[in-house]
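Chains as they are written, first to last, in the numbering used here: chain D, 1 to 388; chain S, 1001 to 1388.
2 protein chains.
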Amino acid sequence: MQNFSYFNPTRLIFGKDSEVRLPEEILKYSKRVLLHYGGGSIKRTGLYDKIMKLLSEANIEVIELGGVKPNPVLSMVEEGIRICKEQNVKFILAVGGGSVIDSAKAIAAGALVEHNVWDFYQGKVVTDALPVGVVLTIPAAGSEASPWSVLTKEDGMLKRSFGSGYIFPKFAIMNPVNTFSLPDYQTSCGLSDMLAHMFERYFTNEKNVVFTDYLLMGAIKSVIELGPKLLKDTQDYDLRAEIMLAGTYAHNGSLGVGRIEDWSSHAIEHELSGYNDVAHGAGLSIVFLAWMRYVNKDNIKKFTQLFTQIFSIDPSMSDEEIVLMGINKLEEWYKEIGLPTRLSEIDVPEKVIDSLAKKCVHDRPNPVIGGFKELYESDIINILKVAL
Amino acid sequence: MQNFSYFNPTRLIFGKDSEVRLPEEILKYSKRVLLHYGGGSIKRTGLYDKIMKLLSEANIEVIELGGVKPNPVLSMVEEGIRICKEQNVKFILAVGGGSVIDSAKAIAAGALVEHNVWDFYQGKVVTDALPVGVVLTIPAAGSEASPWSVLTKEDGMLKRSFGSGYIFPKFAIMNPVNTFSLPDYQTSCGLSDMLAHMFERYFTNEKNVVFTDYLLMGAIKSVIELGPKLLKDTQDYDLRAEIMLAGTYAHNGSLGVGRIEDWSSHAIEHELSGYNDVAHGAGLSIVFLAWMRYVNKDNIKKFTQLFTQIFSIDPSMSDEEIVLMGINKLEEWYKEIGLPTRLSEIDVPEKVIDSLAKKCVHDRPNPVIGGFKELYESDIINILKVAL
């Protein structure tokens, strides 16, 4: 097991009507908040009104910044930073999913420095940040209890991330009812995203991680089992609750301690969504299947352990048969929840593969990605060809 | 799923030589610490010298209070509180296992109030506490990352607990090497204790907790598999590491969210260790087997799910057969790691059962224990008779 240092201070406030705790939690920090949100779905569902009423009754002053889009951008963050500085805002409330939360974290870190916030995405170390709170509406990215923020700089379309203990949200209000209105496709993309966060951690060559392996396999199995059930009954409170919790645990860091994680599929997928704006979860379903087909021979026992467990495949079959059957079952699962499994389904033609692979390793200190198997540009080309 | 509010801010600093981080972590809070420890094993192993050297080199002043015994007592805590108040100590470093940590937490809470610290164990709410840090040497109780403290008041031999977010340790230094010197019996008792913390959470009648059920079953399975391996090779770093991590996760609260936990076996066991000072983990092995035999019919599917998973029992057998086989396999497991499974092995005679059961429900607001199955005095008598 690798040495590690782990902490996660985010308070999860989970359940029906958990929004009522908002004023109490916010008032620990400030009486004036920047309310940060996305495209307006929270106004359609009534969540916006509910929050505004709660804050108003507690005499909390609200300054709004809506309009965050999927793959949040630097220009919006810069606007948020300007507002915080000019209007002396000391707390940011993110209402939405990963994009809104990542944008809020960027504002929180940028509001306390004079230099451009993009410096943090290029390696500058964060030493403080405004407190951020979350009302989660999309279970997927896990940003509600993570120290990570992903942002896109429009100039050059650079997508980069940074992590810092200072940007853990102080709290995450997690009311499963607030996810009832998610379209099926977005629910499925969320399932794929959280599953990917578990896969990226599960696939390691670290040998003595039985305890976290078993936790991860349990987590993966539950998403495999519950995901299709949820899509058949999207207004079921308990299924929504299970998936909401799974999304948070998938990425709060607790399941990945003591091991070198992989993350090459995420890196490759970023190029797909950069190319044609495919949803992150939909890109991940394609990439993970191809990645598994390409790398499984390098540590096949890691695959057979997983597949016999999550798909109850007969362990007396040969390793190769188990892996083939397991990947095929996973492909069926993605199809069952309505996600693409091939590049052709998302209009990524063979002719762009070389340039996507090049961009994927571009600008990195080493032209290699992946903790489970090191992948060079040629490997990424091969994986994308498998995905055709 | 039940509504819940969960957070856990303790920083886990895990791995070889992780003690070197001590000065940096302590100096965030104070340059003067109360060093709290147990019976002197840390002096035999060299850990004491190592810590003293690190603190001395960082010019951290150390005031010592050693001698904490298993089942820590109020009088020692009162002495610690007096030292902290008189000598203006602002940080407590607990070096040891659950008893030392629980004692340190009590001192931390008591040092900031004028009334007796025992009031907190009788329901008074903690509103502040000195910061506590931990160097863990016994993986068992999980106190290194929990908000709980258990203490015994010698007058009346009352054993009580309280929980507060203020007493989460700030950090826990977890170096598996520091557990190499544990005697086998203590290692086994630790395994039983962490397994019990998982069982107490697993056994719930809450229906929609698939995600945490799967995490818990993974955690339980790993202790069942790794425990006997560790006892065959107690100087294996990675096995010690796995078990050390399992002990922390078993009781850090993350696996029990959203469910009503049981805890009746712990309540019953407290009476056993109160009666004849049997080690907590050894009492738990006896009580859990008897509890399982007594209550399984009330929600048998919860048992069959667990046993088919952790012992790979053929799920096509009848529920009753699975449960019988599962409990027998668990009994074999306890025996394999050298723990008692019957009251006769720890000199608790049948004639004292009535008085133990009475004491177990005594002084409670309702004369009932257990979240999975409500147990009255008569049930506790029956369970202890099953354990004879």
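Every residue gets a Cβ at the ideal spot worked out from N, C-alpha and C, and that includes glycine.
Not a single CB atom of chain D sits nearer than 7 Å to the CB of S:F1180. Going by beta carbons, S:M1292 and S:A1250 fall outside the 7 Å limit. As a beta-bridge residue in DSSP terms, D:I63 pairs with D:L34.
The C-alpha of D:F120 lies about 7 Å from the C-alpha of D:V126. Separation of the CB atoms of S:N1252 and S:G1123 is rounded to 24 Å, and the pair is thereby denied contact status at 8 Å.
Taken through DSSP and simplified to helix, strand or coil, D:A106 comes out as helix. Residues of the stretch 197-222 of chain D with a C-beta less than 7 Å from any C-beta of chain S: N208, V210, F211, Y214, L215, M217, G218, A219, K221 and S222, listed in chain order. According to the DSSP assignment, D:V287 belongs to the alpha helix (DSSP H) that extends over H280 to V295.
With respect to chain S, the C-beta atom of D:D238 has a partner C-beta closer than 7 Å. Counted as a single uninterrupted DSSP element, the alpha helix (DSSP H) harbouring D:P228 occupies residues V210 to K232. Within the same chain, S181 come within 6 Å of D:T45 by CB-CB distance, once the 5 residues on both sides are set aside.
Counting of Cβ neighbours within 10 angstroms places D:H197 among the buried residues, the total reaching 16 or more. Chain S places no beta carbon closer than 7 Å to that of D:P349, leaving this residue out of the contacts. Distance from the CA atom of D:P70 to the CA atom of D:S188, rounded to whole angstroms, is 16 Å.
With a threshold of 7 Å between beta carbons, D:P228 makes no contact with chain S.
Per DSSP, reduced to three states, the secondary structure at S:W1263 is coil, with no helix or strand assignment.
Within chain D, no C-beta atom comes less than 7 Å from the C-beta of S:N1299; the nearest is roughly 17 Å away. Neighbours of S:G1015 across chain D, judged by C-beta separation under 9 Å: M1, Q2, N3, F4, S5 and G258. The shortest C-alpha to C-alpha distance from D:D319 to any of D:Y334, D:E331, D:N175 and D:N296 is the one to D:N296. The distance from the Cβ of D:S18 to that of D:N175 is about 5 Å, consistent with a contact at the 8 Å cut-off. By the neighbour-count criterion, in which 16 or more other beta carbons inside 10 Å mark a residue as buried, D:D155 falls on the exposed side. For the pair D:N178 and D:A140, the Cα-to-Cα distance works out to about 14 Å.
Considering only D:L34, D:E374 and D:S161, the residue with the shortest C-alpha distance to D:L65 is D:L34. Contact holds between the stretch 145-163 of chain D and the stretch 103-116 of chain D, because three or more Cβ pairs, one in each stretch, are under 8 Å apart. The beta carbon of S:E1261 is closer than 6 Å to those of E1200, R1201 and G1371 in its chain, skipping five residues each way along the sequence. At least one CB atom of chain D sits nearer than 7 Å to the CB of S:A1241.
At a beta-carbon threshold of 9 Å, the residues of chain S lying near D:E225 are V1210 and Y1214, ordered along the chain. When DSSP assignments are scanned along the stretch 1097-1157 of chain S, the uninterrupted stretches of alpha helix (DSSP H) that are 4 or more residues long and fall wholly within it turn out to be 1098-1110. When only Cα atoms are considered, S:F1168 and S:P1009 end up about 7 Å apart. For D:S161, the beta-bridge partners assigned by DSSP are D:V150. With a beta-carbon spacing of about 15 Å, D:V134 and D:A109 fall beyond the 8 Å limit used to define contacts. DSSP places S:S1005 outside any alpha helix (DSSP H); the residue lies instead in the beta strand (DSSP E), whose first and last residues are F1004 to F1014. If you look at D:F171, you'll find it in the beta strand (DSSP E) that goes F171 to M174.
At a Cβ-Cβ threshold of 7 Å, S:E1331 and S:T1341 count as neighbours. It is roughly 5 Å from the alpha-carbon of S:Y1048 to the alpha-carbon of S:I1042.
Annotation for S:S1264: I1369, G1370 and L1375 place their beta carbon closer than 6 Å to its own, counting only its chain and skipping 5 residues before and after.
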